[in-house]
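Asks: Quick one: structure below, then a few questions.
Protein chains: 2
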Amino acid sequence: MSKGEQTRAAILAAALDMARQLGLEGLTIGTLAERLGLSKSGVFAHFGSKEELQLAVLREAQERFVAAVLRPALAEPRGLARLRALFERWLAWSANLPEPGGCLMMAAAYEFDDRPGPVRDALAEGQRAWRASLTRTIRLAIDSGELRPDTDAEQFAFELFGVALAAHHDTRLLGEARAREHALRALERLIADARAT
Amino acid sequence: MSKGEQTRAAILAAALDMARQLGLEGLTIGTLAERLGLSKSGVFAHFGSKEELQLAVLREAQERFVAAVLRPALAEPRGLARLRALFERWLAWSANLPEPGGCLMMAAAYEFDDRPGPVRDALAEGQRAWRASLTRTIRLAIDSGELRPDTDAEQFAFELFGVALAAHHDTRLLGEARAREHALRALERLIADARAT
DNA sequence: GAATTTAACGAACGGTCGCTCTATTTTTAA
DNA sequence: TTAAAAATAGAGCGACCGTTCGTTAAATTC
Numbered sequence: 002m003s004k005g006e007q008t009r010a011a012i013l014a015a016a017l018d019m020a021r022q023l024g025l026e027g028l029t030i031g032t033l034a035e036r037l038g039l040s041k042s043g044v045f046a047h048f049g050s051k052e053e054l055q056l057a058v059l060r061e062a063q064e065r066f067v068a069a070v071l072r073p074a075l076a077e078p079r080g081l082a083r084l085r086a087l088f089e090r091w092l093a094w095s096a097n098l099p100e101p102g103g104c105l106m107m108a109a110a111y112e113f114d115d116r117p118g119p120v121r122d123a124l125a126e127g128q129r130a131w132r133a134s135l136t137r138t139i140r141l142a143i144d145s146g147e148l149r150p151d152t153d154a155e156q157f158a159f160e161l162f163g164v165a166l167a168a169h170h171d172t173r174l175l176g177e178a179r180a181r182e183h184a185l186r187a188l189e190r191l192i193a194d195a196r197a198t
Numbered sequence: 002m003s004k005g006e007q008t009r010a011a012i013l014a015a016a017l018d019m020a021r022q023l024g025l026e027g028l029t030i031g032t033l034a035e036r037l038g039l040s041k042s043g044v045f046a047h048f049g050s051k052e053e054l055q056l057a058v059l060r061e062a063q064e065r066f067v068a069a070v071l072r073p074a075l076a077e078p079r080g081l082a083r084l085r086a087l088f089e090r091w092l093a094w095s096a097n098l099p100e101p102g103g104c105l106m107m108a109a110a111y112e113f114d115d116r117p118g119p120v121r122d123a124l125a126e127g128q129r130a131w132r133a134s135l136t137r138t139i140r141l142a143i144d145s146g147e148l149r150p151d152t153d154a155e156q157f158a159f160e161l162f163g164v165a166l167a168a169h170h171d172t173r174l175l176g177e178a179r180a181r182e183h184a185l186r187a188l189e190r191l192i193a194d195a196r197a198t
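And the structure:
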């Protein structure tokens with residue numbers, strides 16, 4: 002890895018940290034440079050514009066999410082085992098994010114939901130991909146016979162997504178300790194209702 | 002209503018509109034003044050600080066939410082009728098927000114979830130109150146005998162909250178047309194599972 | 001080790017930020 | 001109608017924004 006690539010990676014890591022606290026818009030090049038002991042223009046040169054920096058940070062967050070949540074769960078056997086592993090890793094990701102700061106993608110979803118542009122596009126694309134992965138995981142549990150064939154995988158994924166959002170919300174804003182328990186019970190209810198009899 | 006109160010109300014309405022698009026932090030006094038045809042200092046004088054403006058905007062949003070969602074639903078008879086009315090009004094609120102801009106409180110929840118201060122406090126307090134109203138509505142459906150006595154009202158409220166979050170997310174970021182349908186189905190599943198047999 | 005590409009700096013740009021202060025106008029009350 | 005009070009304007013503060021530019025220092029290649 003060349004010197005430039007090293008620096009870029011270091012900037013990206015720090016920027017991700019900042020953006021998790023302050024949002025992708027609240028992220029500023031000056032503060033970022035100061036935190037890294039670099040000059041503003043030095044940081045700037047690596048990305049060319051703030052929007053490119055935001056895009057890079059978002060992609061970094063998305064990759065980390067996939068690496069921490071989706072990829073390891075794929076090691077589990079298809080079916081409910083994988084679905085449960087996926088969801089538990091998801092909850093762990095959301096609960097174990099380094100303080101301070103929450104999940105960048107969830108925050109960005111609200112920050113950019115009505116700000117057209119490449120950032121919003123990348124964000125929406127990532128969300129769609131994640132939802133598709135969720136749906137696929139559920140569908141595999143149907144195929145394996147653990148869930149009834151008439152189960153609506155998209156509806157299931159929608160509800161599961163909501164459970165994760167609520168857990169994140171309760172934990173971070175309300176400091177609600179039972180959020181994880183609530184979320185796991187919600188998953189089990191989803192499974193129970195769709196379970197093959 | 003005195004002249005000052007009139008102006009203040011006009012500022013608040015415009016500020017709420019701006020904050021729904023740009024977030025409470027993205028809201029700026031200069032742009033707000035320009036939009037209203039007032040001077041920056043004229044707008045500023047009504048609130049004394051940006052934080053006070055943010056607080057006032059947040060309270061305004063909370064009051065409007067209560068007036069549009071909770072209060073009318075209280076006219077329905079206690080039980081499932083009121084619960085369904087409440088949820089449907091909630092979905093309508095979220096779907097019919099004037100474009101552009103989403104729900105200020107949901108956005109602020111992510112913007113301020115790790116920014117201690119009065120804004121965060123007011124936000125969390127409002128969320129707790131809303132959750133309590135939800136829980137109470139569910140509990141009344143238990144008391145009326147429509148839901149089983151062993152129903153966990155807090156778990157129910159948690160899941161219902163997640164459904165609303167997911168619906169808002171799918172509608173606004175992904176432009177998913179079936180979000181309302183998904184949400185209503187999720188509510189019916191919640192009810193069916195808790196229904197007295 | 002020299003040549004050349006790459007990385008980073010530092011100063012400066014026009015703009016906007018929240019905010020302060022002083023004036024002036026407008027509204028309200030006596 | 002006049003005096004007090006409230007509301008708004010306007011200029012300006014220091015700080016920071018993203019960005020540009022020319023230059024220097026460092027890393028890489030030959």
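Going down the list, the protein sequences come from chains L and E.
Heads up, the first sequence is in our numbering, so the first residue is 2 and it goes up one at a time.
Heads up, the second sequence is in our numbering, so the first residue is 2 and it goes up one at a time.
Cβ coordinates follow ideal geometry from the N, Cα and C atoms, glycine included.
Mind pulling the chain E residues with CB within less than 7 Å of PHE66(L)?
Replies: The premise fails here: PHE66(L) is roughly 16 Å from chain E at the closest Cβ pair, so nothing lies under 7 Å.
Asks: Give me the residue from PRO78(E), ALA154(E), GLU147(E), ARG186(E) with the minimum Cα distance to ALA158(L).
Replies: For ALA158(L), the nearest C-alpha among the options comes from ARG186(E).
Asks: Using the C-alpha atoms, what's the distance from ALA195(E) back to ASP153(E)?
Replies: Near 9 Å, if we compare the C-alpha coordinates of ALA195(E) and ASP153(E).
Asks: Between which two residues does the alpha helix (DSSP H) holding THR172(E) run?
Replies: Counting along the chain, the alpha helix (DSSP H) containing THR172(E) begins and ends at 154–173.
Asks: Count the other CB atoms within 10 Å of the CB of GLY146(L); is the residue buried (16 or more) or exposed (fewer)?
Replies: That one is exposed.
Asks: Within the 8 Å Cβ cut-off, does GLY163(L) reach chain E?
Replies: Yes, contact with chain E.
Asks: So within the stretch 5–37 of chain E, which uninterrupted alpha helix (DSSP H) runs reach at least 4 residues, ignoring any that extend past its ends?
Replies: You should have 30–37.
Asks: Put ARG196(E) into one of helix, strand or coil per three-state DSSP.
Replies: Looking at ARG196(E) - three-state DSSP - the assignment turns out to be strand.
Asks: Under 8 Å, with one C-beta from each stretch per pair, do the stretch 8–25 of chain E and the stretch 164–175 of chain L reach the 3-pair mark?
Replies: Segments in contact, no.
Asks: Report the residue ranges of all alpha helix (DSSP H) runs contained in full by the stretch 47–110 of chain L; include only those spanning at least 4 residues, in chain order.
Replies: List check, alpha helix (DSSP H) in window: 51–66, 81–96.
Asks: Which residues mark the beginning and the end of the alpha helix (DSSP H) in which LEU148(E) is found?
Replies: Neither: LEU148(E) is in no alpha helix (DSSP H) and is coded neither H nor E.
Asks: Taking 8 Å as the limit between beta carbons, can you name the residues of its chain near ALA130(E), skipping five residues before and five after?
Replies: Hits under 8 Å: none found.
Asks: Go through its chain and collect everything with a Cβ distance to VAL70(L)'s Cβ below 6 Å, but skip five positions before and after it.
Replies: Around VAL70(L): ARG90, TRP91, TRP94.
Asks: Cutting at 7 Å between CB atoms, please list the residues of its own chain near ARG79(L), excluding the five before and the five after it.
Replies: These residues qualify, in order along the chain: LEU141, SER145.
Asks: From the beta carbon of MET107(L), is the nearest beta carbon of chain E less than 8 Å away?
Replies: At least one chain E Cβ lies under 8 Å of MET107(L).
Asks: Using Cβ-Cβ distances below 8 Å, what residues of the stretch 92–106 of chain E are close to chain L?
Replies: So the close ones are GLU100, PRO101, GLY102, GLY103.
Asks: If contact means a Cβ-Cβ distance below 8 Å, which residues of the stretch 7–33 of chain L contact chain E?
Replies: Within the stretch 7–33 of chain L, the residues whose Cβ lies closer than 8 Å to some Cβ of chain E are GLN22, GLY24, GLU26, GLY27, listed in chain order.
Asks: Helix, strand or coil: which one does DSSP assign to ARG279(E)?
Replies: What the structure shows of chain E is the stretch from 2 to 198, and residue 279(E) is not part of that stretch, so it cannot be assessed.
Asks: For the ligand GDP, is there a heavy atom less than 7 Å away from the beta-carbon of ALA62(E)?
Replies: The model depicted lacks the ligand GDP and carries no ligand whatsoever.
Asks: Below 7 Å on C-beta distance, what does HIS183(L) contact in chain E?
Replies: Within 7 Å Cβ-Cβ: GLN156, PHE159.
Asks: Do you know offhand how far ARG65(L)'s Cα is from LEU33(L)'s?
Replies: Computed Cα separation, rounded: 20 Å.
Asks: When you check each C-beta in the stretch 128–157 of chain E against every C-beta of chain L, which residues fall closer than 7 Å?
Replies: Result list: GLN128, ARG129, GLN156.
Asks: Roughly how many angstroms lie between the CA atoms of ARG72(E) and GLY118(L), to the nearest whole one?
Replies: Distance between the alpha carbons of ARG72(E) and GLY118(L): 38 Å.
Asks: Just the Cα atoms here: how many angstroms apart are TYR1(L) and LEU166(E)?
Replies: Beyond the ends of chain L as shown, which are 2 and 198, falls residue 1(L); an answer cannot be given.
Asks: Looking at HIS183(L): is its Cβ nearer than 8 Å to the Cβ of GLN7(E)?
Replies: No, the Cβ-Cβ distance between HIS183(L) and GLN7(E) is not below 8 Å.
Asks: Can you look up ARG129(E) in the DSSP assignment and give me helix, strand or coil?
Replies: Of the three classes helix, strand and coil, the one that applies to ARG129(E) here is helix, per DSSP.
Asks: Since I believe ALA109(E) is in contact with LEU124(E) (beta carbons under 8 Å), could you give me their beta-carbon distance rounded to a whole number of angstroms?
Replies: That belief holds up - the Cβ atoms of LEU124(E) and ALA109(E) are roughly 5 Å apart, short of 8 Å.
Asks: Between LEU174(E) and chain L, is any beta-carbon pair separated by less than 8 Å?
Replies: So yes, LEU174(E) belongs to the interface.
Asks: For ASP114(E), does the count of other Cβ atoms within 10 angstroms reach 16, so buried, or fall short, so exposed?
Replies: With 16 or more other Cβ atoms within 10 Å, it is buried.
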